[in-house]
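Comments concern the structure below.
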Amino acid sequence: MIKLLILFLVAFFIGSVPFGIIIAKAKGVDLRKAGSRNIGATNVLRSLGKGPALFTLLGDVLKGTLAVALGRYFGLDIFNTGLVSLGAILGHNFSIFLGFRGGKGVATSIGVLILYSPLIAVITIVIWLVTAITSRYSSLGAIVSFCLLPLNIYLFDIQYKDKIIIAFIITILLLLRHRENINRLLKGTERKIGERA
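The sequence shown maps to residues 3 to 199 in the numbering used here.
See the structure below:
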């Protein structure tokens, strides 16, 4: 239990690193005052362009992947590795470097899935891309793809039943962080991909 708690806290610390803020600051922009004021890659794209957005995306994905690798390296089982990975997502969402404020956890959640359930990661990315490209709403792509995450785990990765529990928690965390986006989508005021603030 002590090992699990320590690894969870390490993952939370890793997740707390605000790559979007760091990259934007290097460009002379305070991301918390630009665009949607979110620290993720979508707002970096909107505020700074494709290059900085790509680096932000890669950094945020890596946080989730490292958390799963950390659990595996220290010999945790599937469920406890999933719990550690949740630490990285929570760290991104409630960063200790930003007064426990942060992003919405999409890229970091994808990073978790890349090692935790690679096939499901691919399926989730495809659903996100198809939805986002056809609708031009990044948030809608995230919402749809992660709402389907527990079902996809059940259909395509059921050999580890504990993964479904982790998948449900990831989905709930993502939906909670997208409450404002859901309201804007319903009102028709959500910004589309590439649309300047």
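The beta-carbon is built from N, C-alpha and C at its ideal position, and this holds for glycine as well.
Check: Contacting residues, own chain, Cβ-Cβ under 8 Å from residue 127 (five flanking each side not counted); Outcome: 112, 147
Check: Beta-ladder partner(s) of residue 97, from DSSP; Outcome: 103
Check: Residue 112 Cβ short of 8 Å to the ligand MG heavy atom set; Outcome: The ligand MG is absent from the structure shown, which contains no ligand whatsoever.
Check: Best match in 17, 19, 51 for proximity to residue 31 [C-alpha to C-alpha]; Outcome: 51
Check: N- and C-terminal bounds of the alpha helix (DSSP H) containing residue 12; Outcome: 4-18
Check: For residue 194, the three-state DSSP class (helix, strand or coil); Outcome: coil
Check: Whole-angstrom C-beta distance between residue 83 and residue 74, which should lie under 8 Å; Outcome: 6 Å
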